[in-house]
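In my numbering, the protein residues as written are 294 to 401.
See the structure below:
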């Protein structure tokens, strides 16, 4: 089952964040991740449909499984650069499993 990385943050230090992005991208691809969404200022602008977003950048990555996600997130390559993201942004990150309807819901 697919597993997703969802990040929503505001960039506080553009110089550090700009250095983080290409390195992080390389690790994501190295571990089989797919970049589904990167939206925010200077990127693709999201359509705000409801509410007021807390932060300005949204990133959604897809991995083939939770274990694939964990291999990437805990990898030495990503751990070597994660502080660049956490020190240059303010926000949050979630790991999310894909939705799978229960058996009785599939027959409705």
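By construction, the Cβ of each residue, glycine as well, lies at the ideal position given by its N, Cα and C atoms.
Remember, predicted model here, so these are calculated numbers, not experimental data.
*What's the gap between the Cα of residue 259 and the Cα of residue 333?*
Since the first residue shown for the chain is 294 and the last is 401, residue 259 is missing from the structure and cannot be characterised.
_Which residues DSSP lists as bridging residue 355, in chain order_ = Its beta-bridge partners are 297 and 327.
_Please classify residue 326 as buried or exposed, where buried requires at least 16 neighbouring CB atoms within 10 angstroms._
With 16 or more neighbouring CB atoms inside 10 Å of its own CB, residue 326 falls in the buried class.
*What is the rounded straight-line gap between the Cα of residue 376 and the Cα of residue 386?*
Straight-line Cα distance between these residues: approximately 14 angstroms.
_Does residue 319 come out as helix, strand or coil in the three-state DSSP assignment?_
Secondary structure of residue 319 (DSSP, three-state): helix.
*Ignore the nearest five residues each way along the sequence and tell me which others in residue 351's own chain have a CB closer than 8 angstroms to its CB.*
Scanning its chain for C-beta atoms nearer than 8 angstroms, with the 5 sequence neighbours on each side dropped, one finds around residue 351 the residues 299, 300, 301, 330, 331, 332, 333 and 339, in chain order.
_Classification of residue 328 by the beta-carbon crowding that lies within 10 angstroms, buried from 16 upward_ = Burial call: exposed.
*CA nearest to the CA of residue 370, picked from 361, 294 and 320*: Residue 320 is the option with its Cα nearest to residue 370.
*Can you pull the DSSP bridge partners for residue 335?*
None; residue 335 has no bridge partner.
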